[in-house]
Amino acid sequence: MSKQTFTTGQVLTAAQMTSLQQTALGGGSTTAKTASYVLVAADAGTVVQMNSAGATTITVNTALFAAGDTVQIQNVGAGVCTVTAGTATVNTSATLALKQYDSGDLYFNTTSAAFFFSTDAADSTSPLTTKGDLYGYSTLDARIPIGTNNQVLTADSAQALGLKWATPTAVASGLTFISRTSFSSVATQAVDGVFTSTYDNYLLIFEDMTAATGADDFYLQLRYAGPTTETGTYYGWCETYDLAGTESGLGWSTPNAAVISTSTGSGVNTGNGHMLVQRVGNSSEKAAMTGQYTENETLSGFTIFGGAVNTARTYTGFLLKSSSTNITGVVTVYGYAKS
Amino acid sequence: MATQNPNIGIYDYTTGETLVREMNPEELTDYEAGLQATAKAEADKVKIQADKAALLAKLGITADEAKLLLS
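Given below as C-alpha cells:
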C-alpha cells in the first residue's frame, strides 16, 4: 500500500495489514504505467512499474515526498525507462536508464533530493569478451584485453585502466638466456645475430655434440655482418688429455678456427663443454675465446682451449663444424649483463 | 646427376628463423678450404711422426731415450 498517515484509534483491516506486510518485505502495491510518468505523492511506499515497448521517463519533482520516503521503480517493458530529475535532484552511482527487467529504489533524503539505488543488471554484467580478458576498472568496469605470449601484467598509471600487458625487460644483472639451437647432421651450423651491444661477454654451452667421425676436431669460427664467416687467422691452442693422461695439442692457426676439441664425440660418447666469448661487440677489438670440453668416456678425455681471432671487428654470431664430417648437437647462448 | 653441396644449418636470432639448406658457392669455398687445411695439417703431422720414427731407427734409440738425451 502507499504510504499512510495513521491516526490514534484507527483500526486496520486484514487487507491493509497484508498490504503493509508486502511493502515491508520490499514488495507492495504496484502501479503499472505504459507511458512516461511524473511521480506523485501517493507513489511513496509503492512500486511504479513501467511496461512500454518504447522509451519512457519517470520524472521526479520536489516538494512531493518527505525525507525517508521511498519509491521502487521497475521496468518490465522492452523500451528503456529513464528516471529523470525534474525539479528534484536525483543522484546515483549507476545509470538512471533502466533496461527491461532493471529496477531500483528511489530514496528521498530530503523533499527535494533523492538517491537512486540501482539494482541494474548492467552493474553485474561482465565486460569480458575474449579468452584471457581480465576484469578492470577506471570509472566503471571494463575489460583488460589479453596480451601476447610471454608478456606480464604491469601497473601503468598512464593507462586508462591502470594496467597493461608488457614484455618484461631483461634483468639488469646476471646471466641471460639468449638462444638454444639444436641441429642434426649438418656440415656446418651457423648461429647468427646472438652477439649484440647488449652484452660484452657471452657463454656458449655445447651439449651432446657428435660428428659422423667422432675423432674429428671440433671447430668454431666467428661470423660478422650477418652471414659472413671469419676465415682469417685465429691464434690459440687446444690442449687435450686422454684417458691415460697423455697430452696432445692442436694450434688454431692451421684450421683458422677456434679448436674446441681434437675429438668431437660420437654415439653415446657425446661431447659437452662451454666457451666464454669476449670482446665480440667492438669493432676495434679481437674477440677472445676460452673454455673446456670433454668427450665422454673415450678418445680425447678432457680439453682446455683458449685464443683469439686476429681480425678486430664487430662479430655477431658463430659457426660450428668438425674437421671433416657432419655434426649433430645443441648449442645454447647466454649473455653476461654489463652491470 | 648434379652433386649436392653439403648442408649448412642457420639459426638467425634476429628473425627467429631456422633453416637447413645446401651451401652456396662462397660457403662451400670456405668449407672446402677448411677441410683442405685440416687434411694438410694431418698429413704434415703424420709425416713428422714418420720422420721421427725414421730418425730414431737410424740412431738406434727409443723415443724415451731421445727424451732423456734432450732433457
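Taken in sequence, the protein lines are chains A and B.
Just so you know, we're using the numbering used here here: the first sequence kicks off at 1 and counts up by one.
Just so you know, we're using the numbering used here here: the second sequence kicks off at 1 and counts up by one.
For glycine and all other residues, C-beta sits at the position ideal for the given N, C-alpha and C.
Note that this is a predicted model, so its numbers are computed, not measured.
Query raised in the report: Are G45/A and K3/A close, meaning C-beta to C-beta below 8 Å?
Result: yes
Report task. Report yes or no: is there a C-beta of chain A within less than 8 Å of the C-beta of T38/B? Result -> yes
Query raised in the report: Using a beta-carbon distance below 8 Å, is L68/B in contact with chain A?
Result: no
**Report entry** Residues that F115/A bridges to, as DSSP identifies them
**Finding:** N91/A, Y107/A
**Report entry** Integer-rounded CB distance, given that T111/A should sit under 8 Å from T70/A
**Finding:** Not a contact, Cβ separation roughly 14 Å.
Query raised in the report: What's the gap between the Cα of V20/B and the Cα of Y235/A?
Result: 30 Å
Report task. Measure the CB-CB distance between D12/B and G232/A and report whether it falls below 8 Å. Result -> no
Query raised in the report: Would DSSP call S184/A helix, strand or coil?
Result: strand
Query raised in the report: Should A97/A and T82/A be called a contact, given that it needs their Cβ atoms to be closer than 8 Å?
Result: yes
Query raised in the report: Are the stretch 298-313 of chain A and the stretch 236-250 of chain A touching, with three or more C-beta to C-beta distances below 8 Å?
Result: yes
Requested in this report: Run down chain B in chain order and give the residues with a C-beta less than 8 Å from the C-beta of S324/A.
Outcome: L35, T38, A39
Query raised in the report: V20/B touches chain A at which residues, Cβ-Cβ below 7 Å?
Result: V186
Query - Exposure of F177/A, with buried meaning 16 or more beta-carbon neighbours within 10 Å - result: exposed
Query raised in the report: In terms of residues, what are the limits of the alpha helix (DSSP H) holding G147/A?
Result: It is not in any alpha helix (DSSP H) - G147/A carries neither H nor E in the DSSP assignment.
**Report entry** DSSP bridge partner residues for I205/A (one or two, in chain order)
**Finding:** H274/A, T332/A
Query raised in the report: Looking at I146/A and K164/A, is the spacing between their C-beta atoms short of 8 Å?
Result: no
Query raised in the report: What is the C-beta distance between V191/A and F318/A, in whole angstroms, given that I count them as a contact (C-beta under 8 Å)?
Result: 6 Å
Query raised in the report: Quick one: is N75/A buried, meaning 16 or more other Cβ sit within 10 Å of its Cβ, or exposed?
Result: buried
Report task. Look at T357/A and I327/A and say whether their C-beta atoms are less than 8 Å apart. Result -> Limits of chain A in this structure are 1 at one end and 339 at the other, which puts residue 357/A out of reach.
Query raised in the report: So is M17/A buried or exposed if we call it buried at 16+ other beta carbons inside 10 Å?
Result: exposed
Query raised in the report: Using the C-alpha atoms, what's the distance from T270/A back to L243/A?
Result: 15 Å
Report task. Step through the CB atoms of chain B and report whether any lies within less than 8 Å of the CB of P168/A. Result -> no
Report task. Pick helix, strand or coil for T46/A, following the three-state DSSP scheme. Result -> coil
Requested in this report: State buried or exposed for A24/A, treating a residue as buried only when at least 16 other CB atoms are found within 10 Å of its CB.
Outcome: exposed
Query raised in the report: Would you report the Cα separation of T254/A and S197/A, rounded to the nearest angstrom?
Result: 30 Å
Query raised in the report: Cα separation between L139/A and T129/A?
Result: The sequence shown places Thr at residue 139/A, rather than the Leu named in the question. C-alpha separation (whole angstroms): 19 Å.
**Report entry** Exposure label - N256/A; buried when at least 16 CB within 10 Å
**Finding:** buried
Report task. For P6/B, return the contacting residues in chain A, with the cut-off set at a CB-CB distance below 7 Å. Result -> A187
Query raised in the report: Where does G356/A fall in DSSP's three states?
Result: Not covered by the structure: residue 356/A. The range shown for chain A is 1 to 339.
Query raised in the report: Using a C-beta cutoff of 8 Å, does G104/A count as contacting chain B?
Result: no
Query raised in the report: What in chain A is Cβ-close to T14/B, meaning under 7 Å?
Result: G193
Query raised in the report: Which residues, taken in chain order from the stretch 229-262 of chain A, show a beta carbon closer than 9 Å to some beta carbon of chain B?
Result: T229, T231, L250, G251, T254, P255, N256, A257
Query raised in the report: Based on Cα-Cα distance, which residue from A63/B, E42/B, A53/B, T29/B lies nearest to T228/A?
Result: T29/B
Query raised in the report: What is the DSSP secondary structure of Y126/B, reduced to helix, strand or coil?
Result: Chain B is shown only over 1 to 71; residue 126/B falls outside these bounds and no answer can be derived.
Query raised in the report: So, is D156/A buried or exposed, given that buried needs 16 or more other C-beta atoms within 10 angstroms?
Result: exposed
**Report entry** Cβ distance (whole Å) where G335/A is taken to contact Y202/A below 8 Å
**Finding:** 6 Å
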